[in-house]
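Numbering (full-length UniProt numbering), first residue to last: 1 to 466.
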């Protein structure tokens with residue numbers, strides 16, 4: 001489709017993260033009247049994984065000539081993007097829908113070349129661009145050596161006070177580079193670490209031919225981008241009205257959001273048809289407040305003032321967003337710096353019945369005694385957490401069981417090995433309290449996600465932005 005000042009640009013949000021639903025791009029491309037599909041595949045966790053992974057691969061493969069297949073195999077982009085993209089190729093090409101995503105992570109160029117390969121294999125001729133410049137590792141290290149502090153947005157400590165050696169650094173780019181790529185004819189734009197809202201800014205700026213000083217318009221698209229960036233969060237997934245959706249049987253298959261953004265940066269937001277979820281003032285307000293830390297919202301391209309924002313229900317599952325004002329962008333940009341902080345592990349003890357708090361205390365004090373003061377001093381973090389409580393007169397053991405989580409961080413890897421008798425997992429099983437059960441499933445995995453396993457150990461990178 002050709003950019004036009006006569007009508008809004010219709011932008012669909014297809015992904016709020018690497019774990020979002022695979023069907024999104026193909027469903028939107030096949031079934032919805034949209035001009036651009038955007039998606040976010042990155043988080044601070046994945047930035048750490050990709051950034052440190054690329055540093056390690058560069059050291060491992062230095063001086064070697066790699067085939068393209070080997071480059072892909074060793075690349076640090078969001079691999080599951082291809083699962084979402086490949087089924088959509090034919091419809092994207094046939095309907096001339098643009099695509100802009102940040103799935104390139106730390107290897108946007110390689111992912112772009114892989115996309116070209118897959119598109120050609122399907123018999124299409126689409127122009128693919130990639131955005132780079134977000135990898136600031138060399139610049140950050142050089143500036144740190146010269147005394148630059150890079151104070152953290154969260155705890156205001158400098159890199160020097162932080163105490164960790166930077167391994168990699170990625171800055172959050174804006175959307176005007178995406179707009180330029182689209183203006184020069186790109187059909188697909190693969191980005192690294194652009195901010196979550198930047199693809200929406202880029203799509204709207206391209207379509208409406210905005211210039212870099214049209215701050216009100218850019219600010220409007222920034223806030224629309226903020227609303228779209230988490231996909232189905234804004235269409236009911238993050239709303240306190242979730243019980244109403246359940247009553248209406250609309251809590252299944254929440255629709256991906258779409259925004260029709262006009263030339264002033266205002267928009268009508270709705271969701272894909274024949275899906276669950278909702279688009280209401282409440283669902284949009286819930287997402288608006290997500291990660292907002294004040295009346296101004298910053299991006300490389302613009303600063304959005306949201307005090308005057310208007311959110312109006314204009315139809316069933318249709319909400320108008322307007323009233324956002326813009327200021328010039330800040331003189332700096334956000335950068336995520338990763339440093340190696342050691343290793344971390346956790347295990348879970350399951351306590352059952354009455355007097356749970358006392359049983360937690362019993363368990364904690366026994367573990368600390370068994371570890372001893374010398375070993376305890378080697379942990380940079382050791383936390384004991386009671387998750388939940390047992391109801392009185394529980395009807396079965398499941399209801400009466402509470403999770404007691406023990407979480408540790410240390411620079412001494414040996415402390416976390418299960419076979420180390422003086423380590424984190426040392427247990428005196430016959431001194432347990434009544435109704436206690438322990439699960440010790442353990443694995444070693446660099447930067448692993450331990451959400452679904454009872455015990456895990458992995459390197460503890462810190463992606464805090466010092």
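The beta-carbon is built from N, C-alpha and C at its ideal position, and this holds for glycine as well. All of these numbers come straight from a predicted model, not from anything done at the bench.
ask   = If you run the structure through DSSP and keep just helix, strand and coil, what is residue 346?
value = strand
inquiry  = Could you check whether residue 231 and residue 29 sit closer than 8 Å to each other, using their CB atoms as the reference points?
reply    = no
ask   = Tell me, which residues are paired with residue 10 by DSSP?
value = 260
task = State the Cα-Cα distance for the pair residue 8 and residue 260, rounded to the nearest angstrom.
result = 5 Å
Beta carbon of residue 335 nearer than 8 Å to that of residue 169 = yes
task = Pick out whichever of 73, 122, 83, 257 has its Cα sitting closest to the Cα of residue 90.
result = 122
inquiry  = Classify residue 439: buried if its beta carbon has 16 or more other beta carbons within 10 angstroms, exposed otherwise.
reply    = Low confidence applies here, because residue 439 scores a pLDDT of 49, under 50, leaving its location unreliable; read the following figure in that light. With fewer than 16 Cβ atoms within 10 Å of its Cβ, residue 439 is classed as exposed.
ask   = Expressed to the nearest angstrom, what Euclidean distance is found between the alpha-carbon atoms of residue 368 and residue 392?
value = 29 Å
ask   = With contact counted as at least three CB pairs below 8 Å, one residue from each stretch, are the region 71-80 and the region 92-110 in contact?
value = yes
ask   = Rounded to the nearest angstrom, how far is the Cβ of residue 239 from that of residue 283, given a contact under 8 Å?
value = 4 Å
query = With DSSP run on the structure shown, which of helix, strand or coil describes residue 359?
reply = helix
query = Can you tell me whether residue 54 is buried or exposed, with buried defined as 16 or more other CB within 10 angstroms of its CB?
reply = buried
message = Just to confirm my understanding: we take residue 451, look at its own chain, exclude 5 residues before and 5 after, and list those with CB closer than 6 Å. What are they?
response = Reliability of the predicted coordinates at residue 451 is poor, the pLDDT of 23 falling under 50, and the value obtained from them is presented with this limitation in mind. Correct list: empty, nothing qualifies.
Bridge partner(s) assigned by DSSP for residue 98 = 36
Beta strand (DSSP E) segment containing residue 310, residue limits = 310-315
Sequence-distant residues of its chain with Cβ nearer than 6 Å to residue 543 (five each side left out) = The chain is shown from 1 up to 466; residue 543 falls before or after that span and cannot be answered.
task = Label residue 295 either buried or exposed according to how many other C-beta atoms from any shown protein chain fall within 10 Å of its C-beta, with 16 as the threshold for buried.
result = exposed
key: Cβ-based burial, residue 538 [other Cβ within 10 Å; buried from 16]   = Outside the modelled stretch of the chain, which goes from 1 to 466, sits residue 538, for which no answer is possible.
task = Compute the beta-carbon to beta-carbon distance between residue 471 and residue 226, rounded to the nearest angstrom, for a pair I have assumed lies under 8 Å.
result = Residue 471 lies beyond the range of the chain shown here (1 to 466); nothing can be said about it.
ask   = What are the boundary residues of the beta strand (DSSP E) that residue 125 is part of?
value = First-last for residue 125: undefined, no H or E at that position.
key: Burial state of residue 314 (16 or more Cβ within 10 Å)   = exposed
message = Please report the straight-line C-alpha distance between residue 325 and residue 175, rounded to a whole angstrom.
response = 18 Å
message = I need the straight-line Cα distance from residue 352 to residue 361, nearest angstrom please.
response = 14 Å
ask   = If we count Cβ pairs, one from each stretch, closer than 8 Å, do we get three or more for the region 344-358 versus the region 386-403?
value = yes
message = So for residue 341, helix, strand or coil by DSSP?
response = strand
ask   = Any idea what DSSP makes of residue 297, helix, strand or coil?
value = strand
3-residue-minimum beta strand (DSSP E) runs that sit fully inside the region 168-208, ordered along the chain = 188-191
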